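Colleague:
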Amino acid sequence: MKNILVIHYSQSGQLTEIMNNIARPLSTNKDVNVVHYEIKMETPFPFPWKKNTFFNVFPESFLQIPSKIQSIPEHILNQKYDLVLFGYPVWYLSPSIPTTSFLKSPDAKKLLANTPVITVIGCRNMWIMAQEKVKHLLKDCNAKLAGNIALVDRHINHISVITIVQWMFTGKKERFLGIFPKPGVSQKDIDESSKFGNIILDHISNNNLETIQNNLLKEKAVVIKSFLVLADQRANVLFDKWAKLIYSKGDANSEKRTVWLKMFNYYLLFAIWIIAPLVFILFLLTYIPLYGKIKRDKKYYSSVEIK
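Quick note on this note's numbering: the sequence shown kicks off at 69 and runs consecutively.
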């Protein structure tokens, strides 16, 4: 009997649906025992978001500062697992605060020690650097990253910005104004994510997780868009400066912090609508001379290696 833990955090419910679909082939197998657990905060984050709350989580999200999570039940915590499926959303180019809070907790170190982990990401489009941060957090837990699955919004960047904002602030996953596509990961991709569960079942049944990422990649579990790698890397440099500055202005109730968060809001709009297109032009101009590096980056970020 194989014991598999499916653990995740989801605000909107999208990632919960993805995790359930991936786990379905495992749950229906008589030789596999699947345990589900959703990470819960002592003080939950709201959904839909209020605008001031949405921006107020930026510094702590990016700087990976944990908050208190609810304790994991003893019957889950004291079980040894053959595999952990770990699902998380991305907030501000970093793992969400609940994700960071769990991975930095004593519970995570106990659950994940010497255990293979497959990460599952559900996000808008930029997850590369968040996954790099998760790789290091998993390493700190003495866990072994065996695979990664990244499900993203497939629409172009500026369309997905408009639709995701509408969803996050209204809680309604619907076509904005009746003309925009639905926000988030497409329902087709969510429904078909059970194919990854079949791959996981095959590998766990044969005690062979060493090559699972190669087979996940054959089913397009990860699709790297090289421009978004560059955008993610550049944005992380700038976000780091903003996050440290805003965090130094005090807690969430600080008037100085509120002023700087408003400035960051304006900067974010400028970055999305002005800077991002310029970065794309730079990417196109340097594509040929940097083709070797782009190819190496694509291979690395598709893998479970850690630098």
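We put the beta carbon where it would ideally sit given N, CA and C, even for glycine.
Since this is a predicted model, take the numbers as computed values, not measurements.
Quick check: the Cα distance between S228 and R192, rounded to an integer number of angstroms?
Modeller: 7 Å
Colleague: Does the beta-carbon of H76 have 16 or more other beta-carbons within 10 angstroms, so that it is buried, or is it exposed?
Modeller: buried
Colleague: Determine, using beta carbons only, whether E110 and T84 come nearer to each other than 8 Å.
Modeller: no
Colleague: So, for S162: in the same chain, excluding its five sequence neighbours on each side, which residues have a beta-carbon less than 7 Å away from its beta-carbon?
Modeller: S129, F130, Q132, A198 and K201
Colleague: Looking at I186 and N210, is the spacing between their C-beta atoms short of 8 Å?
Modeller: No, the Cβ-Cβ distance between N210 and I186 is not below 8 Å.
Colleague: Are there 16 or more other CB atoms within 10 angstroms of the CB of S139, so buried, or fewer, so exposed?
Modeller: exposed
Colleague: Label W341 either buried or exposed according to how many other C-beta atoms from any shown protein chain fall within 10 Å of its C-beta, with 16 as the threshold for buried.
Modeller: exposed
Colleague: Starting from the N-terminal side, write out each stretch of the alpha helix (DSSP H) that is 4 residues or longer and does not extend beyond the region 257 to 343.
Modeller: For the region 257 to 343, whole alpha helix (DSSP H) runs of length 4 or above, ordered along the chain, are 262 to 273, 280 to 286, 294 to 315 and 323 to 338.
Colleague: At a cut-off of 7 Å, would you count I314 as near the ligand GDP, judging by its Cβ distance to the nearest heavy atom?
Modeller: This structure lacks the ligand GDP, and indeed carries no ligand of any kind.
Colleague: On the DSSP bridge list, what partners appear for V220?
Modeller: C191
Colleague: Contact defined as beta carbons within less than 8 Å: I believe V188 pairs with M87. What is the distance between those atoms, to the nearest angstrom?
Modeller: 6 Å
Colleague: Taking only three categories from DSSP, how would you classify E106?
Modeller: strand
Colleague: Leaving out the 5 sequence neighbours to the left and right, which residues in its chain are closer than 7 Å to R222 when beta-carbon positions are compared?
Modeller: S254
Colleague: Would K366 pass as an interface residue toward chain C - the criterion being a Cβ-Cβ separation below 8 Å?
Modeller: Reference to chain C is not applicable here, since this structure consists of a single protein chain.
Colleague: Between which two residues does the alpha helix (DSSP H) holding F154 run?
Modeller: First-last for F154: L151 to W159, but that is the beta strand (DSSP E), not the alpha helix (DSSP H).
Colleague: Using the Cα positions of N97 and I258, report the straight-line distance between them to the nearest angstrom.
Modeller: 21 Å
Colleague: Please report how far the alpha carbon of S78 lies from the alpha carbon of F307, in whole angstroms.
Modeller: 23 Å
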